[in-house]
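Notes to accompany the following structure.
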Amino acid sequence: MLRQSSSDMVTDMTSGERTRLFWTLIFFEACVISITAYTGLNMAVARGGSFAMALPLLMIAAAETLRIPLSGYAAQLSWPKQILAGLVLIAIALGSAEGLSLAFEQFVNNRVVSISQAQRSFLKAKAIVDTQKNDKRLDQITLAVARDDVARLDVALRDFLNNPPGLPSFSGRTCTGRFGKSVTCDSDRRAQETYAQARQSHNLQLEKLRAERQEAQVRVDQLKLTPKADMLATETFDDARQHLIEEMSQSPIHRFTASIYGVPVEDLTENQFQTVKKYGVISLAIAFAIVSMLASVVVHTEPHDKSESKVSRALRAWIARRRKPIVRVVEKIIETPVEVIKEVERRIEVPVEKIVFKYIPFDYTTGRRASPEYEYTDSVSLKTVRGGKE
């Protein structure tokens, strides 16, 4: 029986895995090509679209078909040519990332189309309510200005009524005219004419002020009669806001964005959602493009025998010889019996050899002893000596 070599055994063991990986890669590439081409066609048939908009994506889909054959051919080249092939694969991966990012973005936009409609309805209702609020604020400002005009004109009318033109001073003389007739003197006549002109001007100015005051009062009355804010518009605004909150609460993408920013879903802004969508789409597209490129390279890599060569075994043996021995310090506790010596104090009665009597002067009234000079000292008490009794 012929003995099978180790390299043949490795090849047989990995052939099944390589086949499954190859077909999985083909399925993945077919999905990427289909998604990219479908996205390009959608952009072409959309409103305002054209075939020129879909052409870059179709070119990316066509370049994606070169990845697997190029990876297989690069495995048979020398390393300088493999570097060039790697650069081409990286360029294809960048194109795939761009196409997939557009496809993912279109997918996200389709998922949030209901939210976009609810948001447009909310913005429309909000614009109506804001317009009504602005009109009401402007009406209040105009009403305040009209009331100020009425008050100003009232003051002007009161001043005009209280300050009419004064009567001129007449001389009271009678002048003689032609043919000896008595006529009013020229000075008195001029004074009368001047007074008449002043009265006429005063009356005209008074009528003008009264007309202006009446117009201002009419404006005030009209502004007071301005209808209040439309309750239907307010209810529509509240309904649109509630519908938008419900749609955003049911959207996984908006819930994920709200969890990132740490805010409730209803407080999520459009800029925050667009930021998360942009980075999420770009990250997914780059990840899928890199995985596809690496898988296409790995699937065409020839497996090698994992057994060690003679040089490797010799190197490992040399390192083992040069390595310092491992010394483990183990602490061992040994218990040995020892003799314990105890000291015990015991009192022993000894016989009395002799009794010595010593005279000590003592005062029974004070309880103190006296010195040899018969002077009183400390009180007398018995003292215990070592080995004796009290």
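Counting from 1 along the sequence shown, just add 917 to a position and that's the residue number in the working numbering. Note that CB positions come from ideal geometry on N, CA and C, so glycine has one too. Nothing here was measured: the structure is a model prediction, and the numbers come from that model.
Rounded straight-line distance, which links the Cα of residue j to that of residue i
| i | j | result |
| --- | --- | --- |
| Ala-1049 | Phe-1021 | Here residue 1049 is Gln; the residue named in the question, Ala, does not match the sequence. Each residue's alpha carbon lies about 41 Å from the other. |
| Arg-920 | Ser-932 | With a pLDDT of only 41 at Arg-920, under 50, the local geometry of the prediction cannot be trusted, and the value read off the model is given with reservation. Whole-angstrom Cα-Cα distance: 20 Å. |
| Lys-1125 | Ser-1118 | 11 Å |
| Met-930 | Ala-1212 | With a pLDDT of 44 at Met-930, under the threshold of 50, the predicted position of this residue should be treated as unreliable, and no value is reported. |
| Arg-1130 | Asn-1080 | 19 Å |
| Tyr-955 | Tyr-990 | 29 Å |
| Leu-1055 | Asp-1155 | 24 Å |
| Phe-939 | Val-1208 | 13 Å |
| Val-1046 | Leu-1017 | 41 Å |
| Leu-975 | Lys-1053 | 56 Å |
| Glu-1256 | Arg-1263 | 22 Å |
| Ala-947 | Thr-953 | 10 Å |
| Arg-1240 | Val-1228 | 18 Å |
| Val-1269 | Pro-1278 | 25 Å |
| Ser-1166 | Leu-1201 | 24 Å |
| Ala-1234 | Ile-1243 | 16 Å |
| Glu-1248 | Val-1261 | 38 Å |
| Met-1210 | Trp-996 | 18 Å |
| Lys-1195 | Ser-1226 | 51 Å |
| Thr-982 | Ile-950 | 8 Å |
| Ile-1272 | Glu-1252 | 57 Å |
| Ala-1010 | Gln-1023 | 20 Å |
| Met-926 | Lys-998 | For Met-926, the predicted structure reports a pLDDT of 42, less than 50, and the residue's modelled location is therefore unreliable. The matter cannot be settled from this model. |
| Glu-1307 | Arg-1285 | Confidence at Glu-1307 is low in this model, with a pLDDT of 46, below 50, so its placement is unreliable and no value can be given for it. |
| Ile-1000 | Val-1193 | 36 Å |
| Thr-1111 | Asn-1120 | 14 Å |
| Thr-1282 | Glu-1266 | 36 Å |
| Leu-1078 | Val-1072 | 10 Å |
| Asn-1027 | Ser-1176 | 22 Å |
| Pro-973 | Leu-1019 | 11 Å |
| Arg-1238 | Ile-1250 | 34 Å |
| Ile-1236 | Ala-1002 | 39 Å |
| Asp-1076 | Asn-1051 | 38 Å |
| Pro-1181 | Met-1148 | 28 Å |
| Ile-1258 | Arg-1245 | 39 Å |
| Ala-1044 | Gln-1114 | 58 Å |
| Ser-1168 | Met-960 | 25 Å |
| Ser-923 | Gly-1179 | Here Ser-923 scores only 45 on pLDDT, less than 50, and its place in the model should not be relied on; the value that follows carries that caveat. Those two C-alpha atoms are separated by around 58 Å. |
Residue i versus the options, residue with shortest Cα-Cα distance
| i | options | result |
| --- | --- | --- |
| Ile-1032 | Glu-1164, Glu-1260 and Ile-1258 | Glu-1164 |
| Ala-1008 | Phe-1024, Ala-1073, Val-1029 and Arg-984 | Arg-984 |
| Ala-1128 | Gln-1167, Ala-1175, Leu-1074 and Tyr-1112 | Leu-1074 |
| Phe-1039 | Glu-1110, Gln-1159 and Arg-1238 | Gln-1159 |
| Val-1029 | Ala-954, Ala-961 and Arg-1172 | Arg-1172 |
| Leu-1070 | Gln-1122, Asn-1027 and Pro-1082 | Gln-1122 |
| Val-1214 | Phe-968, Cys-948 and Leu-994 | Leu-994 |
| Gln-1189 | Glu-1183, Pro-1181 and Thr-1174 | Thr-1174 |
| Arg-937 | Gly-957, Val-1216 and Asp-1052 | Val-1216 |
| Glu-906 | Thr-1218, Val-1246, Ile-1265 and Ala-1157 | The question about residue 906 has no answer here: the residues shown for the chain are numbered 918 through 1307. |
| Phe-945 | Val-1072, Ala-1206, Thr-1192 and Ala-1061 | Ala-1206 |
| Leu-942 | Ile-977, Pro-986 and Pro-973 | Pro-986 |
| Thr-1153 | Ile-1236, Ile-977, Ile-1258 and Arg-1037 | Arg-1037 |
| Gln-1191 | Glu-1183, Ile-1170 and Val-1180 | Ile-1170 |
| Ala-1157 | Tyr-1178, Gly-1179, Glu-1183 and Ser-1168 | Glu-1183 |
| Glu-1132 | Ser-1168, Asp-1065 and Pro-1181 | Asp-1065 |
Cβ separation of residue i and residue j, assumed to be a contact under 8 Å, to the nearest whole Å
| i | j | result |
| --- | --- | --- |
| Ala-1150 | Ala-1042 | 7 Å |
| Val-1137 | Val-1067 | 6 Å |
| Leu-1004 | Ser-988 | Going by Cβ atoms, the distance from Leu-1004 to Ser-988 rounds to 13 Å, so no, they are not a contact pair. |
| Ile-1203 | Ala-979 | Incorrect: roughly 21 Å between the Cβ atoms, too far for contact. |
| Val-1334 | Val-1198 | Any answer about residue 1334 is impossible in this case: the structure gives the chain only from 918 up to 1307. |
| Leu-958 | Ala-971 | 6 Å |
| Pro-1082 | Arg-1116 | 6 Å |
| Leu-1140 | Leu-1060 | 4 Å |
| Leu-1161 | Ala-1035 | 4 Å |
| Ile-977 | Gly-1012 | 4 Å |
Residue i CB to nearest heavy atom of the ligand MN below 7 Å
| i | result |
| --- | --- |
| Val-1046 | Annotation note on the ligand MN: not contained in the displayed structure, which lists no ligands. |
Run through the region 1011-1096 for me and flag every whole alpha helix (DSSP H) of 4 or more residues, listed as ranges in chain order.
-> 1030-1079
Taking the runs of the alpha helix (DSSP H) that are 4 residues or longer, which of them lie wholly in the region 1185-1238?
-> 1187-1216
Counting only runs of 4+ residues fully inside the region 945-1022, write out the alpha helix (DSSP H) ranges in chain order.
-> 968-981 and 984-991
Jot down the residue ranges of each uninterrupted beta strand (DSSP E) in the region 1115-1156, minimum 3 residues, whole runs only, in chain order.
-> none
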